[in-house]
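Everything on this sheet refers to the single structure shown next.
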Amino acid sequence: MNPKPLKVKVSITLDSNLVEKIIEMANEDDRNFSQYINYVLKDWIKRETDTDVKG
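Okay, structure coming up:
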């Protein structure tokens with residue numbers, strides 16, 4: 070069984086309208102803000118990595 074990855078606390082500044090939209094989307098996906106950001110970034114990185122490999 071794989072252990073959960075370690076979490077690191079970070080601080081970033083985002084546009085308020087972006088934060089509002091992320092909160093809305095996170096709520097629709099039944100996730101909190103941090104969980105949703107983590108989910109979206111993992112998905113984006115996976116797609117970017119797959120695209121780079123495929124050409």
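Numbering (this note's numbering), first residue to last: 70 to 124. All C-beta atoms, glycine included, are put in the ideal place defined by N, C-alpha and C. As the structure is a computational prediction, the values presented were derived from the model and not from experiment.
Check	Outcome
Compute the Euclidean distance between the alpha carbons of Glu89 and Asn107, then round it to the nearest angstrom.	16 Å
Checking 8 Å against the spacing of the C-beta atoms, do Tyr105 and Ile114 come in under that value?	no
Is the separation between the beta-carbon of Asn101 and that of Ala95 shorter than 8 Å?	yes
Out of Pro72, Asp98, Ser103 and Arg116, state which residue places its alpha-carbon closest to the alpha-carbon of Lys78.	Ser103
Which of the three DSSP states, helix, strand or coil, is assigned to Ile92?	helix
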